[in-house]
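The block underneath contains the structure these notes are about, expressed in structure tokens.
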Amino acid sequence: MKDMIALILAAGKGTRMKSKLPKVLHHVGGVPMVEQVLRNVKAAGTRRQIVVVGFGSEAVREYVGDRAEIVVQEQQLGTGHAVLQAESLLAGTSGTLLVTCGDTPLVTEETFRKLLACHEETQAAATVLTAVMPDPTGYGRVIRDADGQVVKIVEQKDGSPDELAVREVNAGIYCFDMDLLWQMLHNVTNQNAQGEYYLTDVIGMLVAAGKRVSAFAAADYKETLGVNSRLQLAEAEQVLRRRKLEQLMTDGVTIIDPANTYVHTTVSVGRDTVLYPGTILEGTTVIGENCQIGPYVRMTNVRMGNDDHLQFTYAHDCEIKNGCEIGPFVHFRPDTVIGNGVKVGNYMEVKNSVVGDGTKLPHLSYIGDSDVGSGVNIGCGTITVNFDGRKKHRTVIGDHAFVGCNSNLVSPVHIGDYAYIGAGSTITKDVPDKALSVARAKQRNIEGWVKDDTYKK
Ligand code: UD1
Ligand code: CA
0 MKDMIALILA AGKGTRMKSK LPKVLHHVGG VPMVEQVLRN VKAAGTRRQI VVVGFGSEAV
60 REYVGDRAEI VVQEQQLGTG HAVLQAESLL AGTSGTLLVT CGDTPLVTEE TFRKLLACHE
120 ETQAAATVLT AVMPDPTGYG RVIRDADGQV VKIVEQKDGS PDELAVREVN AGIYCFDMDL
180 LWQMLHNVTN QNAQGEYYLT DVIGMLVAAG KRVSAFAAAD YKETLGVNSR LQLAEAEQVL
240 RRRKLEQLMT DGVTIIDPAN TYVHTTVSVG RDTVLYPGTI LEGTTVIGEN CQIGPYVRMT
300 NVRMGNDDHL QFTYAHDCEI KNGCEIGPFV HFRPDTVIGN GVKVGNYMEV KNSVVGDGTK
360 LPHLSYIGDS DVGSGVNIGC GTITVNFDGR KKHRTVIGDH AFVGCNSNLV SPVHIGDYAY
420 IGAGSTITKD VPDKALSVAR AKQRNIEGWV KDDTYKK
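If you use numbering that gives the first Met the number 0, the sequence shown corresponds to residues 0 to 456, in order.
Pasting the structure below:
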């Protein structure tokens with residue numbers, strides 16, 4: 000097999016996005032568009048990946064990091080000019096160049112694979128990915144001759160009415176024989192409606208030079224949708240979302256209402272887990288088997304075990320082990336680890352804390368910067384007083400401790416194993432193992448304090 004290198008065009012400003020952010024950094028399916036493309040061309044078997052950056056190059060470069068090589072196109076003079084910027088980097092290399100756009104994020108790994116295979120099998124000089132669109136407006140049209148052979152690609156702004164009536168479009172994704180590509184690109188001019196150096200002209204030039212040009216039609220035109228506006232961004236999001244949900248359902252996840260369930264492409268969900276409406280799963284979230292998630296749960300970068308039940312919860316950058324009952328109305332903030340069989344519910348916030356197995360945090364508490372042991376019972380309204388106005392301090396609660404309702408644990412403080420805290424206590428000193436600590440004003444009853452004539456008998 001020939002060498003395969005991917006080139007991702009991502010230098011354009013994306014004028015129609017009306018954004019300060021370079022177009023390819025806009026998110027779809029939870030990650031920047033350029034990331035979706037990069038991931039899929041890598042998975043399809045390309046050996047090197049090169050991204051052409053221009054507008055907002057620093058931001059794109061920073062995002063891509065060392066996951067791809069970078070070429071800068073100082074001025075955005077067209078897609079042909081963009082490709083040419085990679086020529087010196089690829090000097091001495093031959094084989095297949097897979098050229099794709101950073102703004103077509105829906106093309107699957109499989110389609111890239113098939114396009115590469117088609118190019119190899121037909122021994123073509125170039126192979127174009129095409130799609131038949133219900134509304135081809137804005138795309139380049141694939142013009143074929145009477146035998147069905149590709150003759151050229153014509154851009155929307157340059158096409159005749161007959162050409163524009165064609166519904167088969169250029170997806171902006173191609174395989175090229177590298178040597179022939181450079182030869183042709185040097186002869187591309189900007190004599191067209193947009194005054195740009197069009198990569199698409201290479202196709203017509205190859206045909207005119209008697210070279211073989213193949214076309215590979217995408218199975219689903221939706222894969223080739225380009226994102227040029229916020230409207231198309233939302234359309235792309237919808238396609239990726241639907242695709243992800245269908246994959247999850249195929250793999251054994253129940254989704255009660257797919258129209259109201261949002262799962263990033265990066266998330267994984269185990270079998271027999273049920274997603275209720277209003278579930279939003281983002282980032283690197285991993286959910287185990289047999290969980291019930293939702294209604295109304297948002298999880299971002301959460302690692303979850305099996306058999307957990309969550310409802311009306313927002314959790315981010317944290318871990319929840321197995322068999323927990325969470326919600327309603329819980330906020331888990333970063334660096335929280337919830338052990339096995341933990342119950343957290345009814346208006347609770349937990350931040351940067353480790354909660355041991357079998358512990359109960361049932362109502363209306365704030366647990367921050369704390370190490371809570373296993374088998375602990377945290378009474379309603381308990382607050383860890385973790386902030387002294389300048390610094391945060393830790394609270395340590397031993398195994399099987401019982402913290403009475405409405406207690407303040409002023410950190411740094413340590414509550415021993417099996418210790419009891421009387422309700423309403425403000426604990427400022429460590430409590431030994433197995434001790435009872437009561438730290439509240441003693442109750443005083445003043446008999447007959449209300450005079451008989453102050454109320455009606
Ligand atoms: C392009 C194709 C069109 C195809 C469509 C598919 C050309 C001339 N036209 O049109 O046939 O149907 O894609 O979506 O190629 N870019 C650069 N540098 C530049 C110009 C563009 O890197 O100087 C990048 C953009 O960032 C973008 C991609 O190339 O990722 C495509 O550019 P865009 O301007 O969106 O081209 P289209 O008009 O969509
Ligand atoms: Ca485009």
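Just so it is clear, CB atoms sit at the ideal spot from N, CA and C, and this is done for glycine as well.
Predicted model, so just to flag it, every value in this text is computed and none were measured.
query: Nonlocal neighbours in the same chain, by C-beta distance under 8 Å from G423, ignoring five residues either side; result: G403, C404, N405, S406 and R439
query: Given 8 Å, three or more beta-carbon pairs between the stretch 61-76 and the stretch 292-304; result: no
query: Under 8 Å between C-beta atoms of G282 and H263; result: yes
query: Sufficient close CB pairs (3 or more, under 8 Å) joining the stretch 101-116 to the stretch 223-236; result: yes
query: Sheet register partners of Q291 (DSSP bridge); result: V273 and H308
query: Proximal residues to K22 (C-beta, below 6 Å), its chain only, five neighbours per side dropped; result: G13, M16 and D102
query: Same chain, Cβ closer than 6 Å to G338, five either side skipped, listed in chain order; result: K320, V354, G355 and D356
query: Beta strand (DSSP E) runs contained entirely in the stretch 338-384, provided each spans 3 or more residues; result: 347-350, 364-367, 369-371 and 382-384
query: Same chain, Cβ closer than 6 Å to L360, five either side skipped, listed in chain order; result: V343, M347 and I377
query: G397 versus I292: straight-line alpha-carbon distance, rounded; result: 30 Å
query: Start-to-end residues for the beta strand (DSSP E) that takes in R302; result: V296 to M303
query: Meets three-Cβ-pair contact criterion under 8 Å: the stretch 129-149 and the stretch 161-171; result: yes
query: R66 - containing alpha helix (DSSP H), residue span; result: Segment: none, R66 is in no alpha helix (DSSP H) and carries neither H nor E.
query: Whole runs of the beta strand (DSSP E) within the stretch 217-278, excluding any shorter than 3 residues; result: 260-262
query: Nearest to Q75 (by Cα), restricted to the options F54, D176, D200 and V36; result: F54
query: C117 - containing alpha helix (DSSP H), residue span; result: E108 to E120
query: Three or more C-beta pairs below 8 Å linking the stretch 205-220 and the stretch 187-197; result: no
query: Other residues of its chain near R143: CB distance less than 7 Å, five sequence neighbours each side excluded; result: V149 and V150
query: Three CB pairs or more closer than 8 Å across the stretch 83-90 and the stretch 110-130; result: no
query: Bridge-paired residues (DSSP) for C174; result: L97 and T126
query: Secondary structure of D134, DSSP reduced to three states; result: coil
query: N227 Cβ short of 7 Å to ligand 1 heavy atom set; result: yes
query: For T78, the three-state DSSP class (helix, strand or coil); result: helix
query: Spatial distance of G421 from V273 (CA atoms); result: 41 Å
query: Sequence-distant residues of the same chain with beta carbon closer than 6 Å to T335, five excluded per side; result: C317, V349 and S352
query: Exposed unless 16 or more other CB atoms sit within 10 angstroms - verdict on L96; result: buried
query: Segment contact flag, the stretch 123-136 with the stretch 212-223, C-beta cutoff 8 Å, min 3 pairs; result: yes
query: Beta-carbon gap between I4 and R46 smaller than 8 Å; result: yes
query: 7 Å Cβ shell around A67 - same chain, five flanking residues per side excluded; result: L37, Q48, I49 and V50
query: Counterpart residues of S436 in DSSP-defined beta bridges; result: I420
query: Any non-hydrogen atom of ligand 2 within 7 Å of D102 CB; result: yes
query: For S213, three-class secondary structure by DSSP; result: strand
query: Any non-hydrogen atom of ligand 2 closer than 7 Å to G77 Cβ; result: no
query: Any non-hydrogen atom of ligand 2 within 7 Å of G55 CB; result: no
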